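Here the sequence shown stands for residues 2 to 210, numbered as in our numbering.
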Amino acid sequence: MALFRRFAYLTLLLLSLAGLILASCGPDEFEIVGAPCELNGHCGANLCLSGPAYPEGTCSVPCRSTAECPSHAICVARDGGVCLPSCSNSRDCRPGYACAPQHNLGRSGTDLVCINSGTAAFDVVGTACSRDQDCPGGKCLTGGRYPGGTCTFACDSERDCPNYAGCIDRDGGVCLPYCDSRLDCRPGYNCVNQRRRGHPGGVDVCIDN
């Protein structure tokens, strides 16, 4: 009987240790921010963001400031305050995502994070400007081909641009709005075929010829 009790005790001890090991192997809420997901349970902080801004879902952490996010993420003022991966350019982001400006929660201004390139973060492309500060997260193109200035983002391919713009192989690679005719462009701009960057052939975009 004593031998049986000892065996039962050792069995319970081993089961407890196994549970602790499995628990320690669970998803870490900080390391998993930005990972794809389908359900909240797939994420360490039990938060899977979904919808047009988050193709294939993305794990996040609720936040009120960037101090509550992992070191590779920024707290942005959307979805009640969430941590999204920070970036320098779209090559830092998952496929389907682009590096775009979002308002930083807890302080004024914007920061670059990985989010779907079709969201409002990119709506600035093609708008008038006189300086880079007029284009949150982007830059202002000026000169003869850009009357009144035009906001853009640097790009290496069209995945770096919003879904209404193409990556053009000029000025180091810039996003410009697509067009079918001059009527699709701002006053002073024409619909002109330009060489695409990162792809063969050309595409019609708004620029002055």
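Here a beta-carbon is modelled for each residue, glycine too, at the ideal position from N, C-alpha and C. From a predicted model like this one, the values you see are computed outputs, not experimental measurements.
Could you please give the first and the last residue of the uninterrupted beta strand (DSSP E) stretch that includes residue i?
i	result
residue 211	Lying before the first or after the last residue shown, residue 211 is absent from the chain, which here runs from 2 to 210.
residue 86	83-86
Roughly how many whole angstroms lie between the Cα atoms of residue i and residue j?
i	j	result
residue 186	residue 82	35 Å
residue 179	residue 108	34 Å
residue 133	residue 41	38 Å
residue 65	residue 206	40 Å
residue 147	residue 208	6 Å
residue 141	residue 168	15 Å
residue 162	residue 143	19 Å
residue 25	residue 45	Confidence in residue 25 is poor, its pLDDT being 38 and thus under 50, which makes the residue's placement unreliable; the coordinate value appears in the next sentence. The straight-line gap from Cα to Cα measures roughly 12 Å.
residue 182	residue 56	31 Å
residue 77	residue 106	5 Å
residue 117	residue 97	6 Å
residue 200	residue 43	36 Å
residue 202	residue 68	46 Å
residue 49	residue 86	14 Å
residue 158	residue 195	14 Å
Starting from residue i, follow its DSSP beta bridges and name the residues at the other end.
i	result
residue 198	None, per the DSSP bridge assignment.
residue 203	196
residue 36	BP columns for residue 36 are empty, so no partner.
residue 102	113
residue 67	Residue 67 is not bridged to any residue.
residue 49	60
If contacts are defined as beta-carbon pairs under 8 Å, then residue i and residue j qualify, I think. What distance do you get, rounded to the angstrom?
i	j	result
residue 135	residue 152	7 Å
residue 115	residue 94	4 Å
residue 100	residue 88	4 Å
residue 156	residue 174	5 Å
Runs of beta strand (DSSP E) lying entirely within the region 105-192, each at least 3 residues, in chain order
111-117, 140-142, 151-153, 166-169, 175-178
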